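S.K.:
In our numbering, the protein residues as written are 88 to 424.
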């Protein structure tokens, strides 16, 4: 509505509030003050507006340009979407770490990650990508989406399902690459589930190392390094995918946020530096964290287990876009009725 009388503005605000809408009202005169104060968002003119109108308003347009309101709405939606991306990244990764320990414990396998590994992931490799997600650009269809409900939580039911599904795959892949290493050594799943009884109820066959060498020391450090590196790679890929909450990577690529690229490269290079610290002349660094260098075959295995996280995230994004589109269509039908 435009060019409305001050009394009509109040009536319009009341009508919209009765319809559970969130009205915003603009004004510049003294008579507009009641409507500005009554509305959810009162907007006063910064140049031509009176001091009374500015005092009653929640927002002041410094340039008296209504297009500034649109820019402010877009910035607010971008900040909200980036908060969701930040939360989705961190919670998905943390749930994945929990699932990896939980799955290994339930199956009776050795721990794929030590306490030092979890500390390394949470303090070093999670922080920079999470901070960089705050600089994500707005998605292409951000301003065409329907306004969200004021009582809608930032962590919706669908977002929680996304966290759990993504975290479940992260946990399965972290344990999977750990188990795969022992299977390639000729150890069966049953023996691995009873690894603590090695030497009592079963013994390694063929040319396999003894029990102490197989599940302790440097021989156990290699499969744990595989699990840790796989987890780090998945988190970096997850961060690149989180450049947009719902838009596909093909539509909104990670290179639109240069800070995210830096936030992913820095911790990954730091991880490589520790992983191959023996080649750099500091072998004690990798040993203190519990890492062993990986071969080319090991890296192929890491990519095999880690890369499907992108496919999982793309499928979840597609489902999210469908659910959001269906919700908007239902809301449009109610409005037309």
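Where is the CB? At the ideal position from N, CA and C, for every residue including glycine. A quick note: this is a predicted structure, and the numbers were derived from the prediction, not measured.
Classify residue 416 as buried or exposed, calling it buried when 16 or more other Cβ atoms lie within 10 Å of its own Cβ.
M.R.: Classification for residue 416: exposed.
S.K.: Figure out for me which residue from 302, 187, 338 and 315 has the closest Cα to the Cα of residue 378.
M.R.: The option with the nearest alpha carbon to residue 378 is 315.
S.K.: What does a CB cutoff of less than 6 Å around residue 372 pick up in its chain, not counting 5 residues either side in sequence?
M.R.: Once the five neighbours on either side are set aside, the close Cβ partners of residue 372 are 361 and 364.
S.K.: Which word fits residue 132, buried or exposed, when buried means at least 16 other C-beta atoms lie within 10 angstroms of its C-beta?
M.R.: That one is buried.
S.K.: Touching or not, the region 218-238 and the region 395-402, by the rule of three or more beta carbon pairs under 8 Å?
M.R.: Short answer: they don't touch.
S.K.: How many Å lie between residue 151 and residue 102 at the Cα?
M.R.: For residue 151 and residue 102, the distance between alpha carbons rounds to 26 Å.
S.K.: Of the choices 408, 319 and 366, whose alpha-carbon is the least far from that of residue 258?
M.R.: When each option's Cα is compared against that of residue 258, the closest is 319.
S.K.: Look at residue 216 and residue 347 and say whether their C-beta atoms are less than 9 Å apart.
M.R.: Going by C-beta atoms, residue 216 is nearer than 9 Å to residue 347.
S.K.: Do you know how far the Cα of residue 269 is from the Cα of residue 218?
M.R.: Cα-Cα distance, rounded: 37 Å.
S.K.: Would you mind giving the Cβ-Cβ distance between residue 180 and residue 401, rounded to the nearest angstrom? I have them listed as a contact below 8 Å.
M.R.: Going by Cβ atoms, the distance from residue 180 to residue 401 rounds to 18 Å, so no, they are not a contact pair.
S.K.: Could you check whether residue 166 and residue 241 sit closer than 9 Å to each other, using their CB atoms as the reference points?
M.R.: Taking 9 Å as the Cβ cut-off, residue 241 and residue 166 do not qualify as a contacting pair.
S.K.: Distance, Cα to Cα, residue 391 vs residue 158?
M.R.: One C-alpha to the other measures close to 43 Å.
S.K.: Should residue 247 be labelled buried (16 or more other beta-carbon atoms within 10 Å of its own) or exposed?
M.R.: Counting Cβ neighbours within 10 Å, residue 247 comes out exposed, since fewer than 16 surround it.
S.K.: Can you give the beta carbon distance from residue 172 to residue 332, rounded, assuming they're within the 8 Å contact cut?
M.R.: Correct: roughly 5 Å between the Cβ atoms.
S.K.: What did DSSP end up calling residue 137 once you bin it into helix, strand or coil?
M.R.: Three-state DSSP puts residue 137 in coil, outside helix and strand.
S.K.: Out of curiosity, what's the CA-to-CA distance linking residue 313 and residue 236?
M.R.: C-alpha separation (whole angstroms): 44 Å.
S.K.: I believe residue 187 touches residue 261 by the beta-carbon criterion, under 8 Å. Please report the beta-carbon distance rounded to the nearest angstrom.
M.R.: With a Cβ gap of about 4 Å, residue 187 and residue 261 count as contacting.
S.K.: Which residue marks the beginning of the beta strand (DSSP E) containing residue 130, and which one marks its end?
M.R.: From DSSP, the beta strand (DSSP E) with residue 130 extends over 128-132.
S.K.: Does DSSP classify residue 317 as helix, strand or coil?
M.R.: It is helical.
S.K.: State the beta-bridge partners of residue 114 as determined by DSSP.
M.R.: The partner list for residue 114 (beta bridge, DSSP) reads 131.
S.K.: Measure how close the beta-carbons of residue 120 and residue 220 come, nearest whole angstrom, since I'm counting them as under 8 Å.
M.R.: Not a contact, Cβ separation roughly 41 Å.
S.K.: Does the distance from the CB of residue 182 to the CB of residue 254 come in under 9 Å?
M.R.: Against a cut-off of 9 Å, the Cβ pair of residue 254 and residue 182 comes out as a contact.
S.K.: Assuming the contact rule is C-beta atoms closer than 8 Å, residue 128 and residue 115 should be a hit. Round their C-beta distance to whole Å, please.
M.R.: Going by Cβ atoms, the distance from residue 128 to residue 115 rounds to 15 Å, so no, they are not a contact pair.
S.K.: The beta strand (DSSP E) spanning residue 147 covers which residue range?
M.R.: Taken as a continuous stretch (DSSP letters only), the beta strand (DSSP E) holding residue 147 covers 146-148.
S.K.: If we require 4 or more residues per run, which alpha helix (DSSP H) segments fall completely within the region 200-256?
M.R.: Listed in chain order, the complete alpha helix (DSSP H) runs (minimum 4 residues) inside the region 200-256 are 202-207 and 214-219.
S.K.: Indicate the three-state DSSP secondary structure (helix, strand or coil) for residue 175 in the structure shown.
M.R.: Helix.
S.K.: Per DSSP, residue 285 forms a beta bridge with which residues?
M.R.: Answer is 289, bridged to residue 285.
S.K.: Let me know the secondary structure DSSP gives residue 197 once reduced to three states.
M.R.: Reduced to three states, the DSSP call for residue 197 is coil.
S.K.: Measuring alpha carbon to alpha carbon, tell me which residue in 94, 252, 411 and 162 is nearest residue 178.
M.R.: If we check each option's Cα against that of residue 178, 252 comes out closest.
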